[in-house]
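There are 2 protein chains.
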Amino acid sequence: MTTQNEMHPQRWGNPDHATALPDSARGLIELAFGIDERPPVDDALPPQSQLAGSALVALSSAVGSDYVLVDDQTRTLRTRGKSTPDLVKARAGDLSDAPDVVVRPADQSEIEAVIAVAVEHRLAVVPFGGGTSVVGGLVADRARLSGVISLDLVRMKRLLALDPESMTATLEPGLRGPEAEALLAEHGFTLGHYPQSFEYASIGGFAATRSSGQSSAGYGRFDALVVGLTAVTPSGPVTLGSAPANAAGPDLRQVFLGSEGTLGVISSVTVRIRRLPAVKQYVGWRWPSFEAGADAMRTLAQSGLLPTVIRLSDEAETAINLADPNAVGEGSSGCLMITGFEGEAAAVSAKRTAVSEVLAGLGGTDLGEDPGQAWANGRFHGPYLRDSLLDLGVFVETVETATFWSQRDHLYTSVKTALETALGSGAIVLCHISHVYETGCSLYFTMAAKEGDDPLAQLAQAKGAASDAMIAAGATITHHHAIGIDHKPWFAREIGPVGVQMLQSLKASLDPTGVLNPGVLIP
Amino acid sequence: MTTQNEMHPQRWGNPDHATALPDSARGLIELAFGIDERPPVDDALPPQSQLAGSALVALSSAVGSDYVLVDDQTRTLRTRGKSTPDLVKARAGDLSDAPDVVVRPADQSEIEAVIAVAVEHRLAVVPFGGGTSVVGGLVADRARLSGVISLDLVRMKRLLALDPESMTATLEPGLRGPEAEALLAEHGFTLGHYPQSFEYASIGGFAATRSSGQSSAGYGRFDALVVGLTAVTPSGPVTLGSAPANAAGPDLRQVFLGSEGTLGVISSVTVRIRRLPAVKQYVGWRWPSFEAGADAMRTLAQSGLLPTVIRLSDEAETAINLADPNAVGEGSSGCLMITGFEGEAAAVSAKRTAVSEVLAGLGGTDLGEDPGQAWANGRFHGPYLRDSLLDLGVFVETVETATFWSQRDHLYTSVKTALETALGSGAIVLCHISHVYETGCSLYFTMAAKEGDDPLAQLAQAKGAASDAMIAAGATITHHHAIGIDHKPWFAREIGPVGVQMLQSLKASLDPTGVLNPGVLIP
Chain R
19 MTTQNEMHPQ RWGNPDHATA LPDSARGLIE LAFGIDERPP VDDALPPQSQ LAGSALVALS
79 SAVGSDYVLV DDQTRTLRTR GKSTPDLVKA RAGDLSDAPD VVVRPADQSE IEAVIAVAVE
139 HRLAVVPFGG GTSVVGGLVA DRARLSGVIS LDLVRMKRLL ALDPESMTAT LEPGLRGPEA
199 EALLAEHGFT LGHYPQSFEY ASIGGFAATR SSGQSSAGYG RFDALVVGLT AVTPSGPVTL
259 GSAPANAAGP DLRQVFLGSE GTLGVISSVT VRIRRLPAVK QYVGWRWPSF EAGADAMRTL
319 AQSGLLPTVI RLSDEAETAI NLADPNAVGE GSSGCLMITG FEGEAAAVSA KRTAVSEVLA
379 GLGGTDLGED PGQAWANGRF HGPYLRDSLL DLGVFVETVE TATFWSQRDH LYTSVKTALE
439 TALGSGAIVL CHISHVYETG CSLYFTMAAK EGDDPLAQLA QAKGAASDAM IAAGATITHH
499 HAIGIDHKPW FAREIGPVGV QMLQSLKASL DPTGVLNPGV LIP
Chain C
19 MTTQNEMHPQ RWGNPDHATA LPDSARGLIE LAFGIDERPP VDDALPPQSQ LAGSALVALS
79 SAVGSDYVLV DDQTRTLRTR GKSTPDLVKA RAGDLSDAPD VVVRPADQSE IEAVIAVAVE
139 HRLAVVPFGG GTSVVGGLVA DRARLSGVIS LDLVRMKRLL ALDPESMTAT LEPGLRGPEA
199 EALLAEHGFT LGHYPQSFEY ASIGGFAATR SSGQSSAGYG RFDALVVGLT AVTPSGPVTL
259 GSAPANAAGP DLRQVFLGSE GTLGVISSVT VRIRRLPAVK QYVGWRWPSF EAGADAMRTL
319 AQSGLLPTVI RLSDEAETAI NLADPNAVGE GSSGCLMITG FEGEAAAVSA KRTAVSEVLA
379 GLGGTDLGED PGQAWANGRF HGPYLRDSLL DLGVFVETVE TATFWSQRDH LYTSVKTALE
439 TALGSGAIVL CHISHVYETG CSLYFTMAAK EGDDPLAQLA QAKGAASDAM IAAGATITHH
499 HAIGIDHKPW FAREIGPVGV QMLQSLKASL DPTGVLNPGV LIP
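Residue numbers (my numbering), protein chains in the order written: chain R, 19 to 541; chain C, 19 to 541.
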């Protein structure tokens, strides 16, 4: 049986890799929220598989019986994603959304065969890459279907083609971030796509959710990296991407990017790659205010002077960072910015000098590389902290959005106020900007609050209030987390009835029996 | 009555602005092809308007009777676009594709009203911006309809919003290139979009065809400039673009971009703008071969060192350029490259120095600014030359494509051979690269041949052979000219049956009566 470095079913990643909460942090948490230890239920089982024998036989004939799994453990490991509500449910022993069967195709033709079986037997197909969804993207609506297949892409981890002259690589969807980087590094290349979920999230998931990494300013969003893709739909496979760009009608690649498994299963993507950087430098800057730092980001973006990484914490997030004994900064206030530079030594040096000149001219204080390196060292650790806090009865959740620069301050205030109001006194709301464009930026909010009797209701109320504020401000419901099931009502408001109609018509045409990730994305 | 600087119905632009063919050039043409003067028919009339009186009344009530025009001259001026076959037909007095009525809405609500009338009376709606299509994008298929409306956007020329902080502007679709630039220049901004059709083409057309300008390396393709748009469909209007980028499902903006009036009429676009450049410098370089110059372009693109403009002529195009007494270059062979730098003085100087260092290191010869300035002075004049040659019995036509770098040479050879074979001995085939990306580039071919008895058949055969070669090479049928009716068969091969099905499903949903630009784009 093919396995991989599985995530814990009730926690992020591999808990052995988590840093234990330092005593000082535990003290702070006790002070802020009080400690209310909530150990997870550890003997839960998923509901019995509802799969008909005939379907099991057909699936076995599609991929081989070794790759059709109905055991409790495998199905448990393919239940939901890693949003805070997902973790709250998993910790409570709720495995009601477990798939009936986990199927592991070896290649595109086996995906086609599985989809054909799903259509014939009316089974939902939920593509599973890294299982890192934080928006309910892995919870199929089984209402009109006879069961749920988790289409586990764990066996599809090949580098199918490498074109060093064009600087492109064709990758299979099951490759996780580090696996894709390792394959490319053998040839001296990198994808440069490092979302916080990097260690577990997959290439197919990056494409299906329009992922954006922490180095997006330098390497580009994942959708900007994709020059071609193949998707398997119930109507057949389609390969798109005959040129870097063209004028041949609507860009249909952009319809599968962000489609979250509802229009087709992405069986390969061809992505732009870059030479492995010789040098990586991360530098901290201090700003007197969030506003001043954000204005500096805007100046850089509009001057064509963006570093590889650029992020800015608001006053509250900066203060929390500084409370962490691992972070650097002495008696400082204001806002912490991280800038990162990757590439050839000369180019890095030139860019860092130019950026530093602009930032110093705008009132920033250079803090040197220590805070930058501290950020780089901890860049994938955030989700582990959430589990430690859940153990103590404190939930942490994130919501994120994006807007144009002139609306940034209004959006920030609106969402922050909505969260603070919804969560009540004692809650903590932090914000950072981590993705910038010439015309605007993202805003990423972290909230923490003491769990009450119904933490799912608390979370739903807070996320709902924040989401309402985003749409009221004319902003997007998600900059890089995608829609899943959690964001659907606000997504419908964002794209309007004609936008919804467009997606419904594509869905009805490509997937007339509605087997692909039913209930996700499409209102 | 609203009018504007109309193009001549049988020639490009305003013939008074054309430079007369110098005697030396006429001599060269006589030598190459022989002179066979073919004066155009000058008293042709369009067929009688077939519009029913009830439709006329309804349209008048939608936009006011002053803006519903059925006179022969207005209809003649809205007949077809400016491809060479279009000009050959117009010169022969063939006005069979004239619309029945020209309707000029004042704003989005009047577009909605006109579309409602069109649906009720089963009239085709052909959006008309600049009338510069070279792919048959303005020739509606009236087979299942009772008439054709040319939806002339000449009254929709407002700058609807300007956001200097976000660096965006919202423009109406009827603005021609120079008009949009003039409105933005009042505020110190530029769009920087300069296709060869710039003087006549419109904002709506740029968006509907995924236009790409001569400065695309610096300012980006038009589809990359668009951050938001509103389109009016028979199912209602839709506004998209809540953020510079996001993860909220498929990017539906990219469905209307390139939709060529078949899914909706674009009633406004919000575009990224830049500060007006303080300095513009254009510099020529000589390369020993097309291959060497193309490799240098690739190096620049993959080093993040692209100038604002970069283009490279092959040996044949370079030789023809040098035969033009207005072009600069003494006794030279090889291939001419033009690089252009626009921006603040210091940034221009730094970029030019860095680019020059790379190009010199790769074997290029700096020719200074004279050839660059000569190119800049003539950058919009090419289409006028085509008319002068048609007067002499020589047709000139262009086809263009794009591919990844590793396929460039194969594509170049395939298409060039296909054109030379189809056109026979005595024909001239030239090529240049004018748009480059990290992963690939465009190839733009110009062909010239003596007109025989059936020039339309000659053109169709040559374009067909070139198009077959593009698709066989896995390249795109068009990098920046769009699909129209001329490219449809190859477009269907490029996107495959599932791609075609996606477009057909969107069309059936948004435009169930099929009134929007019928016959165009969608196979």
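No residue lacks a Cβ here, since even glycine has one placed at the ideal position from N, Cα and C.
Note that the coordinates shown come from a computational prediction; the quantities given were computed from them, not determined experimentally.
- C-alpha of R:D159 to C-alpha of C:V166: approximately 46 Å in a straight line.
- With fewer than 16 other Cβ atoms inside 10 Å of its own Cβ, C:P196 counts as exposed.
- Against chain R, a Cβ distance below 7 Å from C:M185 picks out Q320, E456, T457.
- Within the DSSP bridge table, the entry for C:H450 names C:S331, C:Y462 as partners.
- Assignment of R:S367 by DSSP, reduced to helix, strand and coil, places it in the helix class.
- Note: C:W305 is bridge-paired with C:C353 in the DSSP secondary-structure output.
- Think of a sphere of 8 Å around the beta carbon of R:E512: the chain C residues whose beta carbon falls inside it are S260, A266, in chain order.
- Annotation: the continuous beta strand (DSSP E) that includes C:P255 extends over 254-258.
- Its chain contains T419, A420, T421, M488, E512 as the residues whose beta carbon lies nearer than 8 Å to that of C:T494, once the 5 sequence neighbours on both sides are disregarded; these appear in chain order.
- Along the segment 493-506 of chain C, the positions whose C-beta sits under 8 Å from a C-beta of chain R are A493, T494, I495, T496, H497, H498, H499, A500, I501, H505, read in chain order.
- Under DSSP, the beta-bridge partners assigned to C:P145 are C:L169.
- Non-local C-beta neighbours of R:V533 in its own chain, meaning closer than 8 Å and more than five positions away in sequence, comprise I133, A136, V137, R140, L141, A142, V143, L163, P252, ordered along the chain.
- About 6 Å separates the CB atoms of R:L247 and R:F274; that is less than 8 Å, so the two are in contact.
- Here R:H453 is buried. Its C-beta has 16 or more other C-beta atoms within 10 Å.
- Excluding residues up to 5 positions away in sequence, V106, F413 lie with their Cβ nearer than 7 Å to the Cβ of R:P473 in the same chain.
- Straight-line spacing of the CA atoms in C:K468 and C:A483 works out to 18 Å.
- Between C:G155 and C:V373, the alpha-carbon positions lie close to 39 Å from each other.
- Look at C:P103: its C-beta is not under 8 Å from any C-beta on chain R.
- DSSP lists no bridge partner for C:I338.
- The C-beta distance from C:T431 to C:F463 rounds to 12 Å, too long to fall under 8 Å, and the pair is not in contact.
- Within the segment 30-116 of chain C, the runs of alpha helix (DSSP H) at least 4 residues long that lie entirely inside it are, in chain order, 41-51, 71-81, 90-94, 102-109.
- DSSP, read as helix, strand or coil, puts C:S285 in strand.
- Out of C:T439, C:T336, C:G236, C:F224, the CA that lies nearest to the CA of C:G352 is found in C:T336.
- For R:F422, the enclosing beta strand (DSSP E) covers residues 412-422.
- Distance from the Cα of R:L74 is smallest, within the candidate group R:V88, R:Q479, R:E362, for R:V88.
- Apart from the 5 residues on each side of it in sequence, C:A510 sits with its Cβ closer than 7 Å to the Cβ of V518, P541 in its chain, given in chain order.
- Proximity to C:K434 across C:I446, C:Q425, C:S424, C:W423 peaks at C:I446, based on C-alpha coordinates.
- In the three-state DSSP reduction, R:T186 falls in the strand class (E or B).
- The contact set of C:W423 on chain R, defined by CB atoms closer than 7 Å, consists of E183, S184 in chain order.
- Within 10 angstroms of the beta-carbon of C:P530 lie fewer than 16 other beta-carbons, which makes it exposed.
- At a C-beta separation below 7 Å, R:P515 has these neighbours in chain C: G254.
- Of C:A363, C:I129, C:H497, the smallest CA-CA separation from C:V256 is found for C:I129.
- Residue environment for R:L377: buried (at least 16 other C-beta atoms within 10 angstroms of its C-beta).
- Within its own chain, the residues whose Cβ lies closer than 8 Å to the Cβ of R:P65, once the five positions on either side in sequence are excluded, are L113, S114, A116, listed in chain order.
- For R:V153, there is no enclosing beta strand (DSSP E), as DSSP marks it with neither H nor E.
- No Cβ-Cβ contact shorter than 8 Å links C:T383 with C:W508.
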